[in-house]
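For the sequence shown, our numbering assigns the number 692 to the initial residue and increments by one for each residue that follows. Glycine included, C-beta positions come from ideal geometry on N, C-alpha and C.
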Amino acid sequence: MNNSQEELANVLALLETEMQEDRLLYKSKLEAMSLSSKKEDGQVWYPISITDTYYGMGDRLIIELQKNYENESPNQFQSGKVVKLFSANEEEDKQEISGVVNWVRQKVMKVVFFVDDLPDWAYKGKLGVELQFDETAYKEMFSALKEVQNARNNRIAKLRDVLLGNAKPQFDSRLNDVVIQDLNESQNKALNNVLRAHDVAIIHGPPGTGKTTTLVEAIYEVLKSEEQILVCAASNAAVDYLTEKIARKGLNVVRMGNPARISEDQLQYTLDVQVSGHKEYKRIKELRKQANEFRNLALKYKRNFGREEREQRKMVLREARKMGEEAGHIESYIIDDLLAGAQVITSTLVGAANHNLNGKYFQTVFIDEAAQALEPATWIAILKAERVIFAGDHKQLPPTIKSFEASKNGLSVTLFEKCIQRQKVDVMLTMQYRMNEQIMRFSSRQFYNNELEADEKVKNHLLGNPDELELFNAVSFLDTAGCGYHEKTDPKTLSTLNPEEADLLGTYLEKLLDLVKSNSFEKNKVSVGIISPYKAQVEYLKNQIPLKEYFQDDKFTFSINTIDGFQGQERDIILISLVRSNEKGEIGFLSDIRRMNVALTRAKKKLIIIGDSSTLGNNAFYKHFMNYIEEIGAYHSAFEYINW
692 MNNSQEELAN
702 VLALLETEMQ
712 EDRLLYKSKL
722 EAMSLSSKKE
732 DGQVWYPISI
742 TDTYYGMGDR
752 LIIELQKNYE
762 NESPNQFQSG
772 KVVKLFSANE
782 EEDKQEISGV
792 VNWVRQKVMK
802 VVFFVDDLPD
812 WAYKGKLGVE
822 LQFDETAYKE
832 MFSALKEVQN
842 ARNNRIAKLR
852 DVLLGNAKPQ
862 FDSRLNDVVI
872 QDLNESQNKA
882 LNNVLRAHDV
892 AIIHGPPGTG
902 KTTTLVEAIY
912 EVLKSEEQIL
922 VCAASNAAVD
932 YLTEKIARKG
942 LNVVRMGNPA
952 RISEDQLQYT
962 LDVQVSGHKE
972 YKRIKELRKQ
982 ANEFRNLALK
992 YKRNFGREER
1002 EQRKMVLREA
1012 RKMGEEAGHI
1022 ESYIIDDLLA
1032 GAQVITSTLV
1042 GAANHNLNGK
1052 YFQTVFIDEA
1062 AQALEPATWI
1072 AILKAERVIF
1082 AGDHKQLPPT
1092 IKSFEASKNG
1102 LSVTLFEKCI
1112 QRQKVDVMLT
1122 MQYRMNEQIM
1132 RFSSRQFYNN
1142 ELEADEKVKN
1152 HLLGNPDELE
1162 LFNAVSFLDT
1172 AGCGYHEKTD
1182 PKTLSTLNPE
1192 EADLLGTYLE
1202 KLLDLVKSNS
1212 FEKNKVSVGI
1222 ISPYKAQVEY
1232 LKNQIPLKEY
1242 FQDDKFTFSI
1252 NTIDGFQGQE
1262 RDIILISLVR
1272 SNEKGEIGFL
1282 SDIRRMNVAL
1292 TRAKKKLIII
1302 GDSSTLGNNA
1312 FYKHFMNYIE
1322 EIGAYHSAFE
1332 YINW
């Protein structure tokens, strides 16, 4: 084994640790719970009834399920989640079938099942639906890792060694520079780096620097010399966003993936929807209509189980299956036709293993948000290409990992991060278009070698005239030190919250928005984001803040979420509740400074941070932050606002 293969062997072991921990967490939370507890937790709907049955795209069986009870439990079911339909009839053996949630509302759910017909027990009542642990992604990651590890004397072996720093990347220095007028100097530099790369190039995009704009322009330019490319990202939301941007550029794009996991706005680009619009689709509809008629005919034998009826039912279902198979052959032809004509195919990293892409290879794969993707998932997409272009920022959110041991031993280090540290293949974008300069500067110093520059259009972006209203300065830190706002632990979730700090945030926000509303400087609708690292604090804020009158005002839009929930987003005003306040100086999640980088760079015009300086001050990062707050005159004691 060479160094790269040994490193991948370690990643394989870490992925196994992660999967076992993920499964254990699932089992400990759900399998040990009673049916009533799962129901109360929102992991199970029981009892339910079947309200509709029909066959959708690809001859998939779709069942509409409805709750037969009223309750206020949280709903953990989401589109794309793997579930099982089960029977609680005691006289039945353990019965269940698996499917994927296609659509869900408060009391109704549609599930795609991978069977030809519902089993007999599904018609006997006492049905429920339960969330399941999904191993599909792990299987694809293990398979990809092993293929890359075992590669010998081929292109993937060379690419493996380049990406892991054990071989030198190649660039074509003979190409003349391409200059796109709509891109700035660093964006054009990143674009040309992509065009020259034989193996790998990295677009490093700090917050607000136009990473997606640069990425889409690079895709457009690459397609001048390549017929088709693959574009991937770790999350469905990121793929949806990229798909829309690529389509707006006038490119022919096909979005791979289960429609259940894709936002409604993006369905028009999906393979399934494009199949239904194909000229040959009419024949598929005719065949499926006939197949459904045969299935309906078979249903009349459901409750009469004589031998003759059973044979008749088998024969009728056999005819339905034949028609379904013929429809499937036509559908395969249409899919091949659509994929052959696409300039860009988009998918999640795991979605790149879609069976419809079997045997398809690309000269280039673009991977966005690569700094948030597990290395094993990244390899799934890379296996389909001759070279890879990464885009992302390893100074923002890392991938989510369940196992502390796997994370500590290196699974949290992405392939993007390894490559950017081991090879000189990256160009950092340096002009940012989101934030007032004062909001940007601390992040620029701490994470980006003080190289970021605010564009003139946003450099002095403010909510109002600072000469008139001190509150309209770009940054404010409200220090709760000495106020006695001590953190608490939610006994149910064990998450941390600070109700008094949250109440102060509400008071401050109400007065701030009164001033915004009375100030003619800001005529457009103002967006407000409220962020906390702790879920318990987010829940408290959601329950308390919306009671305020101004939340119903048409002049404002509001969102409250964790830091992870705000990744890639921006608001005019951002308020951050840091929560931690204790005598030991423990800061927990706040020590993850990459997450704080995300939180501190969401605001465009006004950033308000509320926290306890005496608790934060023991950490070097927050010590630097407090120095910066003093430097720009943004410090305020919370006592100024308690009775404001």
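The Cβ-Cβ distance between Phe833 and Leu706 falls below 8 Å. With fewer than three CB-CB distances shorter than 8 Å, the stretch 912 to 930 does not count as touching the stretch 1138 to 1149. Taking C-beta atoms as the reference points, Arg1286 and Pro1224 count as a pair closer than 8 Å. A Cβ-Cβ distance of about 5 Å is found for the pair Thr1248 and Ser1218, placing them in contact under the 8 Å criterion. The three-state secondary structure of Arg974, taken from DSSP, is helix. Here the alpha carbons of Met1014 and Leu978 stand approximately 6 Å from one another. The secondary-structure analysis by DSSP pairs Asn1252 across a beta bridge with Ile1222. Residue state for Thr934 is assigned as helix, using DSSP reduced to three classes. Partner residues in the beta bridge of Leu752, as assigned by DSSP, are Tyr746, Phe804. In terms of Cβ geometry, Ile1080 and Ala1043 do not form a close pair [threshold 8 Å]. Taken in chain order, the complete alpha helix (DSSP H) segments of 4 or more residues contained in the stretch 1098 to 1147 are 1106 to 1113, 1128 to 1138. Lys1297 is classed as buried because its beta carbon has at least 16 other beta carbons within 10 Å across all chains shown. Taking Tyr829 as the centre and dropping the five residues before and after it, the same chain places the C-beta of Met710 closer than 6 Å to its C-beta, in chain order. Taking C-beta atoms under 8 Å as the contact rule, Lys1075 and Leu1048 qualify, at a distance of about 7 Å. Inter-residue distance for Glu712 and Leu1266 is about 34 Å (C-alpha atoms, whole angstroms). In this chain, the alpha helix (DSSP H) harbouring His1315 covers 1311 to 1322. Rounded to whole angstroms, Lys936 and Val907 show a C-alpha spacing of 7 Å. Asn875 and Thr900 have their C-alpha atoms spaced approximately 10 Å apart. In this structure Ile1301 does not touch Thr1187 by the C-beta definition: roughly 15 Å separates them, more than the 8 Å allowed. The shortest CA-to-CA distance from Phe1057 to any of Val1289, Thr905, Ala813, Lys859 is the one to Thr905. In this structure, DSSP gives Asp1244 a state outside helix and strand, which the three-state scheme calls coil. In the three-state reduction of the DSSP assignment, Val853 falls in the helix class. Straight through space, the alpha carbons of Lys837 and Gln1063 are spaced by roughly 22 Å. Taking C-beta atoms under 8 Å as the contact rule, Glu971 and Ile1025 qualify, at a distance of about 6 Å. By the Cβ rule, the stretch 726 to 733 does not count as touching the stretch 770 to 777, because fewer than three pairs are nearer than 8 Å. Here the stretch 890 to 897 lies against the stretch 1108 to 1124, with 3 or more beta-carbon pairs under 8 Å apart. At a Cβ-Cβ threshold of 8 Å, Val1104 and Tyr1124 do not count as neighbours. Excluding five sequence positions before and after Asn693, the CB atoms of its chain that fall closer than 8 Å to its own CB belong to Asp852, Asn857, given in chain order.
By the 16-neighbour rule on beta-carbons within 10 angstroms, Ala1031 is exposed. Between Phe777 and Glu821, the C-beta spacing is below 8 Å. Taking all protein chains in view, the Cβ of Gly819 is crowded by 16 or more other Cβ atoms within 10 Å, so the residue is classified as buried.
Rounded to whole angstroms, the gap between the alpha carbons of Trp736 and Phe804 is 17 Å. Excluding residues up to 5 positions away in sequence, Val945, Leu962, Gln965, Val966, His969 lie with their Cβ nearer than 8 Å to the Cβ of Leu1029 in the same chain. Boundaries of the beta strand (DSSP E) harbouring Ala1294: 1294 to 1302, taken from the DSSP string.
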